[in-house]
Structure formats: structure tokens, C-alpha cells
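Undergrad: Its first residue numbered 3, the sequence shown is counted upward by one per residue in my numbering. Glycine included, C-beta positions come from ideal geometry on N, C-alpha and C. There's a structure below that I have some questions on.
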Amino acid sequence: MTDSIVDVAGLAVGHFTDARRPTGCTVVLVPEGAACGVDVRGAAPGTRETELLSPLNAVEQVHAVLLAGGSAFGLDAAGGVMRWLEERGIGVVVGPARVPIVPAAILFDLWLGDARIRPDAAAGYAACAAAARAMPAQGNVGAGAGASVGKLFGIERAMRGGIGSAAVTVAGITVGALVAVNALGDVIDPASGRPVAGARSADGKSLFGTMDALLRGELPAPFQPGQATTIGVIATDARLTKSQANKVAQMAHDGLARSINPVHTMGDGDTLFALATGAGGREANVTLLGALAAEVTARAVLRAVHAATGLNQPGLPVLPSVSDLA
Numbered sequence: 003m004t005d006s007i008v009d010v011a012g013l014a015v016g017h018f019t020d021a022r023r024p025t026g027c028t029v030v031l032v033p034e035g036a037a038c039g040v041d042v043r044g045a046a047p048g049t050r051e052t053e054l055l056s057p058l059n060a061v062e063q064v065h066a067v068l069l070a071g072g073s074a075f076g077l078d079a080a081g082g083v084m085r086w087l088e089e090r091g092i093g094v095v096v097g098p099a100r101v102p103i104v105p106a107a108i109l110f111d112l113w114l115g116d117a118r119i120r121p122d123a124a125a126g127y128a129a130c131a132a133a134a135r136a137m138p139a140q141g142n143v144g145a146g147a148g149a150s151v152g153k154l155f156g157i158e159r160a161m162r163g164g165i166g167s168a169a170v171t172v173a174g175i176t177v178g179a180l181v182a183v184n185a186l187g188d189v190i191d192p193a194s195g196r197p198v199a200g201a202r203s204a205d206g207k208s209l210f211g212t213m214d215a216l217l218r219g220e221l222p223a224p225f226q227p228g229q230a231t232t233i234g235v236i237a238t239d240a241r242l243t244k245s246q247a248n249k250v251a252q253m254a255h256d257g258l259a260r261s262i263n264p265v266h267t268m269g270d271g272d273t274l275f276a277l278a279t280g281a282g283g284r285e286a287n288v289t290l291l292g293a294l295a296a297e298v299t300a301r302a303v304l305r306a307v308h309a310a311t312g313l314n315q316p317g318l319p320v321l322p323s324v325s326d327l328a
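What follows is the structure, encoded as C-alpha cells:
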């Protein structure tokens, strides 16, 4: 067991990290198909195929979920995931074709370097080619390559975000999470309630405490919607309907609320998907699964920032990591 999302049977994870600037994408492959739900809480989402996941709509399973940087441009990477799956005969039979179903969500990382460089179809294809059952790399890779947190007082006072994963097994059922953390707010340790990573003081040497500052009456910097966003995938090996998977995705957002403050803002497009591979062969209590989903989501958020490395390159914002400030 790896204590990561790949502990859930029936899926694999692959990253593509662009060497030209901090950006990339991450794919969760479920080639045998999985029930999938989604819950969008941020006010500035960038998504693909989320409407298809409504219990009212026809398609019952998906074949991959993509998380990507590059803002709305990064949704192009889903085309590469579709091509990789189609070449392997994976997809819903529609007339003479097989159509892979690939929901996706993106985050904004265009602060860092040449904004014309963002994940495309080739990046999505490469992430699929790299997918494995091994524990996925965490920190500044894949969709977390250009992630940052604590931006409410400006990017110049922010810190490095990243991608993290966690899993638990209870009563023979495994629930895992993979979360790319690019929040406007601070990352909070739920055990202590104190910030771990986020907005820094004016001298950049210590954590500022975004909520404490707001309560003191300090006003945030001007920002435009869509300049942040935390996105992720929750997965379980239990059997769920599409309706139940949507409920698990909804409950998983409680994990973001415990570990990010403020969260679900006008500048974030926070989106969580929930996959049920059914590979464990067990029925599950949805309330239990939702509670476990929130727990592993919060753990994955913390791991994302603890695994991050500081960014200090010419022409880019200086974004220290948790270990840099420690």
C-alpha cells in the first residue's frame, strides 16, 4: 500500500510536466470504466464533460479524468487523453466509433513564465503514456507544477502549491484522493487550525495568516475571477451509482474546507470528481465513503504543499515552499 490514490484498484495515474515553464497535467486512467460524479464549488471553474456526469444524463461510466494547468487553454489536453484511449479501443460504442469519456478540470498557473506555453493534446497523451500503478510523484509535478497558494494579498506574497495524494482503507473498502492545490486562500492544518502555507508577511519571511488579516480589516489585493483553483479526484474501489458518486464528490469538499481558508471563493474554480471503480466488489455506505473522502482530501492538500519545492528563478515570482520558511 502506498497511502495514495493508486491503492484503489482499477486505476492508474500519470503526470506530464512541461520543462519549458512550470505547468503540466495529470491523468487518472480507468480503462475498464468507472462511475463518476462531480461537485463544483468555486465561482470560476474551467471544466469539460461535467454536465454529462449528472444522474439525469445518459452515459454511466468514464474512462479517465484529467487535471491540468494552463487555465482554460489546458482543457485541450483532454483531446490527447481521448486519442490515447481510442487507440486502445477504449470508449463508449457510438455507431461505428468508440468515444472515450474524459471529464477534465483546469487551474490557473499562467503567472509563471510564458503564458503561451500550456498543456495541449500532446501533453495529455504523454501523461497517459506515463500512467502507472506506482505511487504518483507529489509536489510540483503534473497539474501541480505551477500551483501556488495564499494569493489573496497578491502573487508576490504567495507560496508554492502542488499536487498531493492520500488514501485510507476501512472495512475492506479503499478511498483515495489526488488534489492539485492552487488556492487563493491559505493551506491550514486541520489538527491545529494554523496556516501551513499561504500569504506571507510584507518582508516575505513568515506566514501572514490570511483570515486573521481579513478579520483585522486588511483588504485583499484586487484580483480577477479564475486566478486560482483547487481541483482533484476522489476514488474508491466500492460499487457506486452515478448519483452516489456525485454525493461523495459533494462531501469530499468538506476536506477542502478543513484544509484551505478561505475556499470556494470568487477567484477559485474548486472542482472535485469522484470515481468508483467497483474493483473491490463491495457495496458501500455512501455516508461512510463521503466522510472518508473528506478526510483523504484534507490529507492530500497538506501533502501537496509539504512536497512542494521553492521557486526562485529569474523573471518568475519568488514562491517559497513550506520547507523554505521552516
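1. Per DSSP, S167 is paired with what?
2. Taking the beta carbon of G174 as the centre, do at least 16 other beta carbons fall within 10 Å, making it buried, or is it exposed?
3. Do T25 and R120 count as a contact pair if the criterion is CB distance below 9 Å?
4. Please name the residue in V30, P138 and V307 whose C-alpha comes closest to that of G148.
5. Excluding the five sequence neighbours on either side, which residues of its own chain have a C-beta within less than 6 Å of the C-beta of A14, listed in chain order?
6. Rounded to whole angstroms, what is the Cα-Cα separation between E297 and L221?
7. Which residue or residues does DSSP assign as beta-bridge partners of H17?
8. Please state whether DSSP places L209 in a helix, a strand or coil.
9. Quick check for students: name the residue ranges of the alpha helix (DSSP H) that lie wholly in the stretch 231-262, counting only runs of 4 or more.
10. Looking at C-beta atoms only, is the number of pairs between the stretch 270-286 and the stretch 227-236 that lie closer than 8 Å three or more?
11. On the DSSP bridge assignment, give the partners of V189 in chain order.
12. If you follow the alpha helix (DSSP H) that A302 is in, where does it begin and where does it stop?
13. Give the secondary structure of E220 by DSSP, where H, G and I count as helix, E and B as strand, and everything else as coil.
14. Any idea what DSSP makes of S73, helix, strand or coil?
15. Rounded to the nearest angstrom, what separates G206 and S56 at their Cα positions?
16. Which partner residues of M161 appear in the DSSP bridge assignment?
17. Quick one: grab the DSSP three-state call for R81.
18. Are the Cβ atoms of L313 and N59 separated by less than 9 Å?
19. Three-state secondary structure (DSSP) at I103?
20. Among F275, I236, V189 and K249, which has the Cα closest to the Cα of R305?
21. Counting along the chain, where does the alpha helix (DSSP H) carrying L327 start and finish?
22. Look at the Cβ atom of Q309, then the Cβ atom of G166, and state whether they are nearer than 9 Å.
23. Do V10 and T238 have their CB atoms nearer than 9 Å?
TA: Straight from the coordinates:
1. L180
2. exposed
3. yes
4. V307
5. L31, A133, A134 and R135
6. 32 Å
7. T28
8. strand
9. 244-261
10. Using a C-beta cut-off of 8 Å, the stretch 270-286 makes contact with the stretch 227-236, since at least three inter-stretch Cβ pairs fall below that distance.
11. A199 and I262
12. V288 to A309
13. Three-state result, E220: coil.
14. When secondary structure is reduced to three states using DSSP, S73 falls in the helix class.
15. Here the alpha carbons of S56 and G206 stand approximately 44 Å from one another.
16. According to DSSP, M161 bridges with V151.
17. The sequence as given places Gly at residue 81; Arg does not occur at that position. DSSP places G81 in the helix class (H, G or I) of the three-state scheme.
18. no
19. coil
20. It is V189 whose Cα lies nearest to the Cα of R305.
21. Taken as a continuous stretch (DSSP letters only), the alpha helix (DSSP H) holding L327 covers V324 to L327.
22. According to the sequence shown, residue 309 is Ala rather than Gln. Yes; because the gap between Cβ atoms is below 9 Å, this pair is in contact.
23. yes
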